[in-house]
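K.L.:
According to my numbering, the sequence shown is numbered sequentially starting from 320.
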Amino acid sequence: MTPDPIEDDEPSTAVRPRRKGIYALPNAITLGALFSAFYAIVMAMNGRFEVACVAIFAAAILDSLDGRVARMTNTQSAFGEQMDSLSDMVAFGAAPALIVYMWALKDMGKPGWIPAFVYIAGAALRLARFNVNIGVVDKRYFQGLPSPAAAALVIGLIWAAVDRPDYAGVKPGSWEAWAAYGITLFAGLSMVTNAPFYSFKVFDRRRSVPFIVLVIIMLGIGLAALDPARVLFGAFCVYGLSGYAIYGWRKAKGRPVSVISTSTDEPDERGLHQ
320 MTPDPIEDDE PSTAVRPRRK GIYALPNAIT LGALFSAFYA IVMAMNGRFE VACVAIFAAA
380 ILDSLDGRVA RMTNTQSAFG EQMDSLSDMV AFGAAPALIV YMWALKDMGK PGWIPAFVYI
440 AGAALRLARF NVNIGVVDKR YFQGLPSPAA AALVIGLIWA AVDRPDYAGV KPGSWEAWAA
500 YGITLFAGLS MVTNAPFYSF KVFDRRRSVP FIVLVIIMLG IGLAALDPAR VLFGAFCVYG
560 LSGYAIYGWR KAKGRPVSVI STSTDEPDER GLHQ
């Protein structure tokens, strides 16, 4: 007769519950990003658009750190996830829309509302979809343009324009006004597309790279130091078009273009695979 297995010998299949506590370090970084967005709005209201642009880029840097710090210190929590999402909505949704509106769109009257609203609505939809699909997407890619990159695209244009020696403000009907109109509209719509944008999240840190990669990184840092406004704007323009290039290449090769996983075994994935 086989004895009943001892309970301690059975493999544990219980799922660890998500932490509900509040941890100081990662949430302090998130609050720092939120303050940077608030500071950017205040500076834009005072006409100091260059400082506002730098503050938004500072918020993007802080946003890239809070999740990594939480994982490194094992302080992930549901509270932190919600806090990060709300901070992103302000820093990369509301703040860029308000800044670009005050910079170039307000003199257009009600038509100037259109790209600003499309941008802020796109950011809200993008973040909501990201939170819903976070467990079923291919982690190598973002579904649509990520909101920090969209903010960098809009804010990068403003920074590159105001950093010119001959800059004297945005006149109605000028190229700056129409460039802001088009790029803001493009960034807002790109956030809600299904185009796959590379996430730079999945790579082997232990894998060696060719020496030429370090040389390219060195040159990139040097160029950014010479003219950070235009170099960053150019880099995010390339990234903003890269998702559509990947989408077109996959279509041409007959490969799947969706970044949603194909498994439908989990109940939470129902309705995501149309």
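Don't be surprised by glycine CBs; every beta carbon is placed ideally from N, CA and C.
#1: What's the call for Val334, buried or exposed, on a 16-neighbour Cβ count within 10 Å?
#2: Among Pro467, Ala468, Ser466, Val489, whose alpha-carbon lies nearest the alpha-carbon of Ile477?
#3: Give the secondary structure of Tyr460 by DSSP, where H, G and I count as helix, E and B as strand, and everything else as coil.
#4: Which residues mark the beginning and the end of the beta strand (DSSP E) in which Phe357 is found?
#5: Going by DSSP in three states, Tyr486 sits in which element: helix, strand or coil?
#6: What is the C-beta distance between Met510 and Gly463, in whole angstroms, given that I count them as a contact (C-beta under 8 Å)?
#7: Considering Cα atoms alone, identify which of Glu369, Phe368, Ala374, Ala343 is closest to Ala352.
#8: Secondary structure at Phe519, three-state DSSP: helix, strand or coil?
#9: Is it buried or exposed for Val419, if we count other Cβ within 10 angstroms and need 16 for buried?
#10: Would Arg589 be called buried (16 or more neighbouring beta carbons within 10 Å of its own) or exposed?
#11: Just reading off the alpha helix (DSSP H) that Thr392 is part of, what are its end residues?
#12: Given Tyr486, which residues of its chain have a CB within under 7 Å of its CB, disregarding the five upstream and five downstream residues?
#13: Give the secondary structure of Ile531 by DSSP, where H, G and I count as helix, E and B as strand, and everything else as coil.
#14: How long is the line joining the alpha carbons of Phe607 and Leu350, rounded to whole angstroms?
#15: On the DSSP bridge list, what partners appear for Ile579?
#16: Would DSSP call Ala378 helix, strand or coil?
#17: Assuming Cys372 and Leu472 are in contact, meaning their beta carbons sit under 8 Å apart, how far apart are those beta carbons, in whole angstroms?
#18: Using 9 Å as the threshold, is the C-beta distance between Val456 and Val578 below it?
#19: Where Gly541 and Asp385 are concerned, what is the direct C-alpha to C-alpha distance, given to the nearest angstrom?
#20: Using the Cα positions of Ala496 and Leu424, report the straight-line distance between them to the nearest angstrom.
#21: Pick out whichever of Ala514, Leu344, Met364 has its Cα sitting closest to the Cα of Gly559.
#22: Would you kindly work out how many angstroms separate the C-alpha atoms of Ala468 and Met408, rounded to a whole number?
#23: Counting only the same chain and skipping the five closest in sequence on each side, list residues whose C-beta sits under 7 Å from that of Ala443.
#24: With 16 as the cutoff for other CB atoms within 10 Å, does Trp422 come out buried or exposed?
P.N.:
Put simply:
#1: Because Val334 carries a pLDDT of 45, less than 50, the predicted location of this residue cannot be relied on, and no value is offered for it.
#2: Val489
#3: strand
#4: Counting along the chain, Phe357 falls outside any beta strand (DSSP E), though it belongs to the alpha helix (DSSP H) covering 343–364.
#5: coil
#6: 5 Å
#7: Ala374
#8: coil
#9: buried
#10: With a pLDDT of only 46 at Arg589, under 50, the local geometry of the prediction cannot be trusted, and the value read off the model is given with reservation. Arg589 should be labelled exposed.
#11: Premise fails: Thr392 is in no alpha helix (DSSP H) and is neither H nor E.
#12: Ala480
#13: helix
#14: This structure does not reach residue 607, given that the chain is present from 320 up to 593, and the question cannot be answered.
#15: Val456
#16: helix
#17: With a Cβ gap of about 12 Å, Cys372 and Leu472 do not count as contacting.
#18: yes
#19: 27 Å
#20: 6 Å
#21: Ala514
#22: 13 Å
#23: Met408, Gly412
#24: buried
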